[in-house]
Amino acid sequence: MKTQTKIAVSLVVFNIGLLLLFGIGIYFFLNEYSYVDFYKRLETRATIGAKYNLKIDSANAEAFKKVREQHLEKLEAEKEHIIKISPEVSLEQQASTYHLPLSLLQDLLKDGRARYQEGSKFYGGIKLRHNNATYLSIVSANSRFVSHHLTFLRNILLWGFLFIVVVTVYLSIYFSKHFFDPIREMIDKVKQISTESIHLRLKEPENNNEISELASTFNDLLNRIETAFETQKNFISNASHELATPLTAIMGEADVALIKERKPEEYQNVLHNVLTQAERLNQITKSLLFLAQTGYKGKKIVFEILRTDELIWEVKELIDRLNPDNKILVDLSLLPEDPKKLKINGNRQLLHLALANILNNACKYSHNKPVSVHIGASQEQVLLFIKDQGIGIPESELPFIYDPFFRASNTRLFEGYGIGLPLARNIIKLHNGTLLVTSKANSGTSVQINFPLAKLIK
């Protein structure tokens, strides 16, 4: 069963149930009230009738009679009985003589008041003492309210119930159908989206409801998927180029060497070129493998408590050996007074690799101009700021700097594979840190790295 049908059926069943409870409740309570009210009217007439028939209040007897005749509505088939109880006449004889129910007379004698119903006829009576004698004043009548008014009410409730059921069924089907129109439109639109038309997006309604939120969320998902597709295309294109270049060089050197007999020195030169390209190919392959491993979160990595300032000095010492001309300047003016605010949970080798890649890039792309490194801390994080004076990155190319093998358009004169920065970001993410790069062409590059503080055991 479709959700639309389920909603329509649920609304109909729920509304019918409420209508039934409401209608039955009204009929039941009004019916109960009508009996109580009619019995009170009968007892009132019995009391007034006894007063003027037995002249209990002789001064006002005639007044009671006039009040009843002028102001009390004559009930349908109303009859009045004043019965004197005497030992000589049994209750059975009295009931037979006046055509009254025996049980009514018995209850009157026992309780002083009694009510009785026989079909559509109602009886109400009281017992009273007058002149040392016992009397029963009984009034009987047919209840027009029960026989006519309640029947009329029942018919109104029944026809009203049927009318409302029809309206409810129609409105439930109508609204459930139109409520799902935006969803059906979304389904039709989604069916049109494929790898060839992933640029298509769902229409987002202006009203801020769940449908517009769903469309917006799905569009965000499509944006991420489209970005992933583009990244994959760029990766395949760049990777194939980077891998094909050394392979082409190796095959070319081998083909040239095999064309004819050559001198040993020439073979050595060919082998040297082949070895150079093979080492390049090996370096690219290792970098790709390590990049894939750092992106896999399921791999177990050993962490320890490390001080970030010590890591910076260790990486600087390594770069000093590899590139003596570097001008890395470590600024300690922002160091916190508490050394605990410099400690993080991390893997020493991975963090060495990430920081070395970032600092090497800063030195390489700035032609060994000064590179400043600032170390600071907040209440919850250790902060590293690295600023160079290099060629920078064009702003339009910043969104792609984390794509493997991507290199900015102004880096053709510099060696590299475009793997260092993506690898560094993966390592920093493994340490629950963040990497933020801001840059402009010919204005240098700034890198901010944040690591969460280590939770020390006290």
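Using our numbering, read the sequence shown as starting at 46 and increasing by one per residue.
All C-beta atoms in this analysis are idealised placements derived from N, C-alpha and C, irrespective of residue type, glycine included.
So, at 8 Å on beta carbons, what are the nonlocal neighbours of Lys234 in its own chain, with the 5 sequence-adjacent residues on each side left out? Residue 234 sits at position 189 when you count from the first residue of the sequence shown. Leu245, Leu247 and Lys248.
Return the bridge partner residues of Asp376 from the DSSP annotation. As a position in the sequence shown, residue 376 is number 331, starting the count at 1. Asp376 is bridged to His419.
Counting pairs of beta carbons, one from the stretch 196-214 and one from the stretch 223-237, are three or more of them closer than 8 Å? no
Looking at C-beta atoms only, is the number of pairs between the stretch 437-451 and the stretch 372-384 that lie closer than 8 Å three or more? no
So is Ser221 buried or exposed if we call it buried at 16+ other beta carbons inside 10 Å? Within the sequence shown, numbered from 1, the residue matching residue 221 stands at position 176. Burial call: buried.
Check the DSSP bridge columns for Glu349 and list the partner residues they point to. Translated into the one-based positions of the sequence shown, residue 349 becomes position 304. In DSSP, Glu349 forms a bridge with Gly391.
Tell me His126's beta-bridge partners as DSSP assigns them. In the sequence shown, counting from the first residue as 1, residue 126 sits at position 81. Ile183, per the DSSP bridge assignment.
Under the rule that 16 or more other beta-carbon atoms within 10 Å means buried, what is Arg86, buried or exposed? Along the sequence shown, one-based indexing puts residue 86 at 41. Buried, because 16 or more other Cβ atoms sit within 10 Å of the Cβ of Arg86.
So for Gly343, helix, strand or coil by DSSP? Here residue 343 refers to the residue found at position 298 of the sequence shown. Summary for Gly343: the model assigns pLDDT 47, below 50, so the residue's position carries little reliability; its value from the coordinates is reported in the next sentence. Coil at Gly343, not helix or strand.
With DSSP as the reference, label Asn495 as helix, strand or coil. For the purposes of this step, residue 495 is taken as residue 450 along the sequence shown, with counting starting at 1. Here Asn495 sits in strand by DSSP.
The stretch 391-407 contacting the stretch 357-377, beta-carbon criterion three pairs below 8 Å: yes
Looking at Leu351 and Lys388, is the spacing between their C-beta atoms short of 8 Å? Along the sequence shown, read from residue 1 onward, the residue named residue 388 stands at position 343. Along the sequence shown, read from residue 1 onward, the residue named residue 351 stands at position 306. The answer is yes: Cβ separation under 8 Å.
Out of curiosity, what's the CA-to-CA distance linking Thr456 and Asn487? In the sequence shown, counting from the first residue as 1, residue 456 sits at position 411. In the sequence shown, counting from the first residue as 1, residue 487 sits at position 442. Distance between the alpha carbons of Thr456 and Asn487: 12 Å.
For Thr240, name the three-state secondary structure that DSSP assigns. The residue given as residue 240 occupies position 195 in the sequence shown. Thr240 falls in the coil class under three-state DSSP.
Rounding to the nearest angstrom, what Cα-Cα distance links Ala499 and Lys474 in this structure? Numbered from its first residue, the sequence shown carries residue 499 at position 454. Numbered from its first residue, the sequence shown carries residue 474 at position 429. About 15 Å.
Is Phe459 helix, strand or coil by DSSP? Mapped onto the sequence shown, residue 459 falls at position 414. Correct three-state label for Phe459: coil.
Below 6 Å CB to CB, which residues in the same chain sit around Ile128 once its five sequence neighbours on both sides are set aside? Here residue 128 is taken as the residue at index 83 of the sequence shown, counted from 1. Result list for Ile128: Gln139 and Leu181, in chain order.
Between the C-alpha atoms of Gly157 and Lys172, what's the straight-line distance to the nearest angstrom? Residue 157 sits at position 112 when you count from the first residue of the sequence shown. Residue 172 sits at position 127 when you count from the first residue of the sequence shown. About 5 Å.
Taking C-beta to C-beta, are Val504 and Ser261 nearer than 8 Å? What the structure shows of the chain is the stretch from 46 to 503, and residue 504 is not part of that stretch, so it cannot be assessed.
Just confirm the distance between the C-beta atoms of Arg393 and Glu440, as a whole number of angstroms; I'd bet it's less than 8 Å. Walking along the sequence shown from the start, residue 393 turns up at place 348. Walking along the sequence shown from the start, residue 440 turns up at place 395. With a Cβ gap of about 35 Å, Arg393 and Glu440 do not count as contacting.
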